[in-house]
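K.L.:
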Ligand SMILES: CC(C)(COP(=O)(O)OP(=O)(O)OC[C@H]1O[C@@H](n2cnc3c(N)ncnc32)[C@H](O)[C@@H]1OP(=O)(O)O)[C@@H](O)C(=O)NCCC(=O)NCCS
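Numbering (the working numbering), first residue to last: 54 to 247.
The following block contains the structure:
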């Protein structure tokens, strides 16, 4: 499965991504903001991390043929999808995370049985808060989530995004149309026969 956006290609990770992945995600500035990326992060560890896991949709984010980050989700036992994302430091601040995560969320909601997305960010991560807000995520509470890189639990804000809210967060692609068509546009279905 591949997803294409205006500037990015989201594709499955490959074993050959391991060294680059370890270098980009193993940066303290990245790993310390995630719950599950260790620090230091070796290419061998990255190989294990990249193995496909049942119930997960994990995408490598590629720009002009170059790996720049990752985004994806896993299905919780409740059925909800938990969204995660990161970018190599060099590519921050250019809207790439917003662009990639929007495609991932849209892909998730193409599955009509998905009730919604949850996500979370550590309190010292305003950039992630902004990405989630732009997607329409709403804060649901606070808690503590383990950070493998930091080695302790970190205060975090938790979020939820349901279908309706996701649709409203995205500017309509086609104006002056029915709600149904707006939703179909959001899912990228306009023009499809499905
Ligand atoms: C979070 C992360 C993915 C954002 O990537 P990005 O491509 O820079 O994100 P975008 O450019 O799409 O959007 C970032 C938004 O945050 C804003 N932002 C960035 N730093 C900020 C700060 N210190 N305070 C407030 N807002 C900030 C940007 O202005 C932008 O908002 P805007 O589009 O309204 O201007 C990237 O910083 C990263 O990989 N961090 C480390 C890993 C991580 O945090 N992953 C998420 C774990 S929950």
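Backbone N, C-alpha and C fix where the C-beta goes; we use that ideal spot for every residue, glycine too. Note that the structure is a prediction, hence the values are computed from the model and not measured.
What is the DSSP secondary structure of residue 96, counted as helix, strand or coil?
P.N.:
DSSP places residue 96 in helix when its eight states are reduced to three.
K.L.:
Write down the C-beta distance between residue 124 and residue 114 rounded to the nearest angstrom, noting that I regard them as a contact closer than 8 Å.
P.N.:
Contact holds; Cβ gap of about 6 Å.
K.L.:
What did DSSP end up calling residue 77 once you bin it into helix, strand or coil?
P.N.:
Note: residue 77 maps to helix in three-state DSSP.
K.L.:
Leaving out five residues on either side along the sequence, give the residues of the same chain with a beta carbon under 8 Å from the beta carbon of residue 93.
P.N.:
So the list reads 79, once near-sequence residues are dropped.
K.L.:
Heavy atom of ligand 1 less than 7 Å from the Cβ of residue 138, yes or no?
P.N.:
Answer for residue 138: yes, Cβ within range of ligand 1.
K.L.:
Quick check: does the Cβ of residue 131 come within less than 7 Å of any heavy atom belonging to ligand 1?
P.N.:
Residue 131: no, Cβ never under 7 Å from ligand 1.
K.L.:
With a threshold of 7 Å (Cβ to nearest heavy atom), would residue 87 be considered close to ligand 1?
P.N.:
Within the cutoff, so yes.
K.L.:
Among 136, 218, 105 and 95, whose alpha-carbon lies nearest the alpha-carbon of residue 66?
P.N.:
Ranking 136, 218, 105 and 95 by Cα distance to residue 66 puts 105 first.
K.L.:
I want to know whether the segment 187-194 touches the segment 71-86 - three or more CB-CB distances under 8 Å.
P.N.:
They do not touch, by the three-pair rule.
K.L.:
Where do the ends of the beta strand (DSSP E) carrying residue 119 lie?
P.N.:
It spans 119-128 - the beta strand (DSSP E) in which residue 119 sits, taken as one unbroken run.
K.L.:
Which of the three DSSP states is assigned to residue 154 in this structure?
P.N.:
Helix.
K.L.:
Kindly examine ligand 1 and report whether one of its heavy atoms sits closer than 7 Å to the Cβ of residue 143.
P.N.:
No.
K.L.:
By alpha-carbon positions, which one of 96, 215, 183 and 118 ends up nearest to residue 138?
P.N.:
Taking only the C-alpha atoms, the option nearest residue 138 is 183.
K.L.:
Rounded to the nearest angstrom, what separates residue 218 and residue 111 at their Cα positions?
P.N.:
Rounded to whole angstroms, residue 218 to residue 111 spans 23 Å at the Cα level.
K.L.:
Taking DSSP as the reference, what is the three-state secondary structure of residue 102?
P.N.:
DSSP places residue 102 in helix when its eight states are reduced to three.
K.L.:
Kindly indicate which three-state DSSP category residue 213 falls into: helix, strand or coil?
P.N.:
In the structure shown, residue 213 sits in a strand (DSSP, three-state: E or B).
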